[in-house]
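Below you'll find the structure, written out as structure tokens, and then a few comments.
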Amino acid sequence: MIQEFCNERKIESSKTLRELSDSDRREFLYGESANKFSIRYKKAGAHSRRTMKFYGVMTGEPMMVGFDPSKKLYSDVACESCHGERFALFFDDYKVEGLSIGEFMALPFGELVKHVEQIRDDGGSSGVAFAIKGIIHAFLSKAVELNSGHLNLNRSIPTLSGGELQRLRMVQLFNAQLSDMLVVLDEPLAGLSGEERDSVFENIVGLASRHTIVVVNHSEMFVDRAQNIIALGEGGGRNGGKLIDADAFLDRQRRSLDVAAGQPNRMVHLTSRNHAYNFTGIDVSIGEGSLNLLSGTSGVGKSTLLREYLPQHFDRYLRIDQKPLAGNKYSHAATLLGIFVRTTGPFAAKHEKDRNSSPTSLGATAPASLLGRRLSRVWR
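Residue numbering for the sequence shown follows this note's numbering, starting at 14 and increasing by one per position.
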């Protein structure tokens, strides 16, 4: 089907998607063939034939029932009509203090806080000024203080880096109007650079004047400022959960390790002009067969470089991040590691005679109780 469409539109089918010109790439992704093609294919061991038009994957017209392109194959871009404001154009006619709701939501915090302060100082519409000088101004000011001035109220959650999301959560906490609460923070400094970490840390310490704070963290910053330190140990699982000597535990953690950094044998120069989010391309060198450290403030584009650009240059690519894993109630460690069938296979091969009870018939995410019932018949 692809070959027939390429022949019709005179697109070089031997090229990869990235090697195509902008016009050919758009034609392939968003185009529709003028003719119908008769394609013979194999399904469930038998040959079938289907006659239909070719539809580009981004047209929303699936050529296979239930087909939906993987999110790994595309990224979101700003709407050409509203430019990311998420409001219809007629809303531009309704402005408050010079801004429409779409403009207000799309303006970066660093610019929006100045506009809000101007409205507050000028008085403006009484209702607007009253609303702005309270929670909205406090939120924006704290967000800018925590180095999030480049974000806006319309920013999509999936596009936020780990550090950006962490700081927004902290902004919400620091602006809470309640007091005398027990506030539990689990790794509040995770994903933050040095300067960002200092700012968030000082704000957390300031919360202790209004709340009781419990922090799970391994940073010396909290160790030096905490009035009470609780250490649990000695190991994990059944060997954990016991109160241990905090001073002794901290002494064991304070170990210096001197490692001599070598030089990479070869540098791989990577260049690309493909657009991804705010990137217009890359020009960077990676040390082959060595440890490379990518550093910088959160939101600068570290994850974009790793997720969007490196796979374009490396065929053998594996990315591991800290985002929660997707699964269902039947998922477990074996299915996560991809060794469920390999684990149950030897048991089934040795004891099972009924092919209907093979591991493959149970499915990769079969509940352990089901597996136990099916195989218990074999054990007897």
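Cβ coordinates follow ideal geometry from the N, Cα and C atoms, glycine included.
The model shown is predicted, which means the values in this text are computed figures rather than measured ones.
- Counting the other CB atoms within 10 Å of its CB gives GLU209 a total of 16 or more, which places it among the buried residues.
- Cβ neighbours of ASP37 within its own chain (closer than 6 Å, five residues either side excluded): ILE24.
- Measuring C-alpha to C-alpha distances from LEU178 to each of LEU164, ARG329, ASN188 identifies LEU164 as the nearest.
- Taking the CA atoms as reference points, PHE214 sits about 19 Å from SER174.
- Taken in chain order, the complete beta strand (DSSP E) segments of 3 or more residues contained in the stretch 184–256 are 195–199, 225–229, 244–246.
- ASP296: not part of any alpha helix (DSSP H); member of the beta strand (DSSP E) spanning 295–301, first to last residue.
- In this structure ARG332 is in contact with LEU319, their Cβ atoms being roughly 6 Å apart against a cut-off of 8 Å.
- Annotated three-state conformation of GLU32 is helix, per DSSP.
- Judged by beta-carbon spacing, ALA156 lies within the 8 Å limit of GLY162, meaning their Cβ atoms are closer than that value.
- Counting other Cβ atoms within 10 Å of its Cβ, PHE235 reaches 16 or more and is therefore classed as buried.
- By the Cβ criterion, the stretch 272–285 is in contact with the stretch 294–314, since at least three pairs of Cβ atoms, one from each stretch, lie closer than 8 Å.
- At a Cβ-Cβ threshold of 8 Å, SER169 and ASP89 count as neighbours.
- When the five nearest sequence neighbours on each side are left out, the beta carbons in the same chain lying within less than 7 Å of the beta carbon of VAL70 are those of LEU42, PRO82, in order along the chain.
- In the DSSP assignment, the residues bridged to THR284 are ASP296.
- When the five nearest sequence neighbours on each side are left out, the beta carbons in the same chain lying within less than 8 Å of the beta carbon of PHE18 are those of ILE24, PHE41, GLY44, SER46, PHE50, PHE67, in order along the chain.
- Its chain contains PHE187 as the residues whose beta carbon lies nearer than 6 Å to that of ASN216, once the 5 sequence neighbours on both sides are disregarded; these appear in chain order.
- For ARG53, the uninterrupted beta strand (DSSP E) run begins and ends at 50–56, by DSSP.
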